[in-house]
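Here is the structure we will look at, set down as structure tokens.
Number of protein chains: 2
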Amino acid sequence: MSGKIPDMDVTMLSALAEPTRKKIVELLRDGPLSVGEIAERLGLRQPQASKHLKVLSDNGILEMTAEANRRIYKLRSEPFQAMNDWLKSFRGVMEDRFDKLDQYLRDMQDQDQR
Amino acid sequence: MSGKIPDMDVTMLSALAEPTRKKIVELLRDGPLSVGEIAERLGLRQPQASKHLKVLSDNGILEMTAEANRRIYKLRSEPFQAMNDWLKSFRGVMEDRFDKLDQYLRDMQDQDQR
DNA sequence: TTCAAATATACCTTTACAGGAATATTCCTC
DNA sequence: GAGGAATATTCCTGTAAAGGTATATTTGAA
């Protein structure tokens, strides 16, 4: 029932790795929405919307507020911060600064010669 | 056969949303490796390693270089840049809980990245 | 206290995919 | 060109998960 503590684990990625759920997240980027609004804007049947929202909530990506008989969903910040931190560890890759391939091949060649 | 053009689509996420593949990516963060080395370091059987590497390659996350009868895999930069760009669109969400100092420092850091 | 709206849940069916094991392919060395 | 090492591929099986449909639950209002 309660959302997981968000660190950059695979459950967060798998939650986002579903087309509809990614759309939901992108939709909520602009602000909180109710289940019905989400379903309508994305052309979903209500049960599927609820199911996807449950998955996202269970993985700590969304949080829910009850408003009368409506449930308002909004994004939590932590998972995105965690994802951002994780991505930072790939900064070297992103910047293409090292071409480690040459070095690697060199090492292999050295080993072969022993 | 050839890798897909990397934009932040769900296929990239689903490729990373598998525990072993995420480990492979994190392993290759430090430099290119051959199939055998990847399998050994992660305790995988060779066929499973090859299969995961194929998925990652098909989604444009890795690229391969043939060296004799070895295949060297390394990370491509584009998918991570795309993921980073996508994440930036959630900056409003991420910064929600930060005071202005943190926001300021973050902006400075982003400038450094150019 | 009954009705309708909004949402969640349960059950079923189908499909995608991961692992296991065997086999095919490629390339070097002798 | 035969053998072995490194890697890819194929086939099989089990399982997780997504959609469809029906139904349960909660809430406000008449």
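Protein sequence lines, in the order shown, are assigned to chains A and B. Going by UniProt numbering, the first sequence opens with residue 1, and the numbers climb by one from there. Going by UniProt numbering, the second sequence opens with residue 1, and the numbers climb by one from there. For every residue, glycine included, the Cβ atom is placed at its ideal position computed from N, Cα and C.
CB contact check: residue i to chain B, cutoff 7 Å
| i | result |
| --- | --- |
| G43 (chain A) | no |
| K22 (chain A) | yes |
| P47 (chain A) | no |
| D58 (chain A) | no |
| P79 (chain A) | no |
| L16 (chain A) | yes |
| D85 (chain A) | no |
| L13 (chain A) | yes |
| L75 (chain A) | yes |
| P32 (chain A) | no |
| V10 (chain A) | yes |
Per-residue DSSP class, three states only, for residue i
| i | result |
| --- | --- |
| E78 (chain A) | helix |
| S57 (chain B) | helix |
| S34 (chain B) | strand |
| E95 (chain A) | coil |
| L87 (chain A) | helix |
| L42 (chain A) | helix |
Start and end residues, beta strand (DSSP E) containing residue i
| i | result |
| --- | --- |
| A66 (chain B) | 62-67 |
Run of the alpha helix (DSSP H) containing residue i, from where it starts to where it stops
| i | result |
| --- | --- |
| L16 (chain B) | 10-16 |
| L27 (chain B) | 19-28 |
With 16 other Cβ atoms within 10 Å as the buried cut-off, status of residue i
| i | result |
| --- | --- |
| T65 (chain A) | exposed |
| D30 (chain A) | exposed |
| N59 (chain B) | buried |
| S89 (chain A) | exposed |
| A49 (chain B) | buried |
| P32 (chain B) | buried |
| A39 (chain B) | buried |
Bridge partner(s) assigned by DSSP for residue i
| i | result |
| --- | --- |
| R71 (chain A) | A:A66 |
Cutoff 7 Å: residue i Cβ touching any chain A Cβ
| i | result |
| --- | --- |
| M64 (chain B) | no |
| R71 (chain B) | no |
| V93 (chain B) | yes |
| V35 (chain B) | no |
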